[in-house]
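> Those letters in the sequence shown? Residues 0 to 237, by numbering that gives the first Met the number 0.
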Amino acid sequence: MEKGKQLYEGKAKKVFETDDPSLLIVSYKDDATAFNGLKKGSIAGKGVINNQMSNYLMALIEKEGIPTHFVRELSDRDTLVRRVAIIPLEVIVRNIAAGSFAKNYGVSEGTVFDRPTVEFSYKNDALGDPLIAPSHILALHLVTEKELDTVSGYALRINEILRSFWSKRGITLVDFKIEFGKTPDGTVILADEISPDTCRLWDTATGTRLDKDRFRRDLGNVEEAYIEVMKRLKADQE
Ligand code: UDP
0 MEKGKQLYEG KAKKVFETDD PSLLIVSYKD DATAFNGLKK GSIAGKGVIN NQMSNYLMAL
60 IEKEGIPTHF VRELSDRDTL VRRVAIIPLE VIVRNIAAGS FAKNYGVSEG TVFDRPTVEF
120 SYKNDALGDP LIAPSHILAL HLVTEKELDT VSGYALRINE ILRSFWSKRG ITLVDFKIEF
180 GKTPDGTVIL ADEISPDTCR LWDTATGTRL DKDRFRRDLG NVEEAYIEVM KRLKADQE
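(1) My output table needs one value for GLU223: the three-state DSSP class, helix, strand or coil.
(2) Find out if the Cβ-Cβ distance for the pair ALA238, SER107 is shorter than 9 Å.
(3) With 16 other CB atoms within 10 Å as the buried threshold, where does TYR27 fall?
(4) Here's the rule: buried if 16 or more other CB atoms are within 10 angstroms of the residue's CB, otherwise exposed. What is LEU218?
(5) Among all the DSSP beta bridges, which residues are the ones paired with ARG215?
(6) When you compare the region 141-159 with the region 171-179, are there three or more beta-carbon pairs, one atom per stretch, that lie closer than 8 Å?
(7) Hey, could you find the ends of the alpha helix (DSSP H) SER151 is sitting in?
(8) Would you check whether the ligand UDP has a heavy atom nearer than 8 Å to the C-beta of LYS39?
(9) To the nearest angstrom, report how far apart PHE298 and ASP29 are at their CA atoms.
(10) Cβ atoms of ALA84 and LYS45: under 9 Å apart, would you say?
(11) In this structure, does DSSP put ALA97 in helix, strand or coil?
(12) Measure from the alpha carbon of VAL150 to the alpha carbon of each residue in PHE164, ARG162, ALA138 and PRO133, then state which is nearest.
(13) So is the beta-carbon of SER151 under 8 Å away from any non-hydrogen atom of the ligand UDP?
(14) Is the beta carbon of THR197 within less than 8 Å of some heavy atom of the ligand UDP?
(15) Compute every distance between the C-beta of GLY98 and the non-hydrogen atoms of the ligand UDP, then say whether any falls below 8 Å.
(16) Just mark ALA190 as buried or exposed, buried being the case when its beta carbon has 16 or more other beta carbons within 10 Å.
(17) Give me the Cα-Cα distance between SER120 and ASN103, rounded to the nearest whole angstrom.
(18) Provide the residue span of the beta strand (DSSP E) that contains VAL47, from first to last.
Structure below.
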């Protein structure tokens with residue numbers, strides 16, 4: 000499958016058409032941004048790791064019965080995916096307080112929740128991706144009530160799948176962001192990526208951050224953290 004016209008260039012990925020209108024090629028870059036694009040940089044080798052990790056996890060999620068956009072890995076950085084209309088919501092699941100949650104509600108990072116939380120941000124760069132309530136999502140007709148139930152249910156199941164996957168590898172899944180898309184027949188499927196750019200992953204034994212917070216907060220050893228997470232993922236590909 001060959002790359003056709005470039006459709007879009009985002010912060011961390013480029014998207015290309017293919018000769019099949021129902022398929023796209025996603026190409027992962029090493030570029031990294033944080034704080035709504037205010038902080039810019041590059042993490043050497045990140046694109047390769049995020050591509051491989053996202054594909055591995057999407058295949059795992061698909062095996063558990065949740066449809067995803069993943070079709071086939073084409074190369075180190077390129078993957079064939081199903082073309083969808085992205086639902087303009089960032090779906091965030093949290094097991095432990097960190098980042099904006101800790102800041103907004105004045106709780107310490109590391110506070111463990113009794114049960115996972117699900118929240119939504121409205122994907123809209125001009126507005127700065129604001130937090131949005133479910134009733135507001137419906138008022139804006141971003142999705143139907145049924146689709147919102149599907150998205151929330153999938154998000155919580157994906158949390159259980161990923162949490163158990165990482166815990167076996169000595170990593171605590173703190174929180175993550177996922178996005179969904181709709182195929183032409185209206186099916187809701189998991190899209191975008193799942194990687195250390197979009198998840199908080201803490202070493203269970205030491206609490207060391209093994210994710211993009213190392214870049215956001217200038218903690219150093221950014222590349223090393225991505226490599227370590229990939230090493231754990233590959234440790235036992237049962
Ligand atoms: N996240 C993301 N993209 C965003 C915002 C958040 O992938 O634009 C991820 C982030 O990496 C973390 C989770 O979603 O794993 C929760 O992020 P939070 O709301 O705490 O925001 P942050 O502190 O990153 O601003």
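Ideal Cβ positions, reconstructed from N, Cα and C, are used throughout, including at glycine.
Taking the structure as given:
(1) helix
(2) A question about residue 238 goes unanswered here, because the residues of the chain that appear run from 0 up to 237.
(3) buried
(4) exposed
(5) Note: ARG215 sits in no beta bridge, so no partner.
(6) yes
(7) 144-166
(8) With a threshold of 8 Å, the Cβ atom of LYS39 does not count as near the ligand UDP, since no heavy atom of the ligand is closer than that.
(9) Given a span of 0 to 237 for the chain in the structure shown, any question on residue 298 remains unanswerable.
(10) no
(11) coil
(12) PRO133
(13) no
(14) yes
(15) yes
(16) Residue burial annotation: ALA190 is buried, with at least 16 other C-beta atoms found within 10 angstroms of its C-beta.
(17) 14 Å
(18) Segment 45-62 is the alpha helix (DSSP H) holding VAL47; no beta strand (DSSP E) there.
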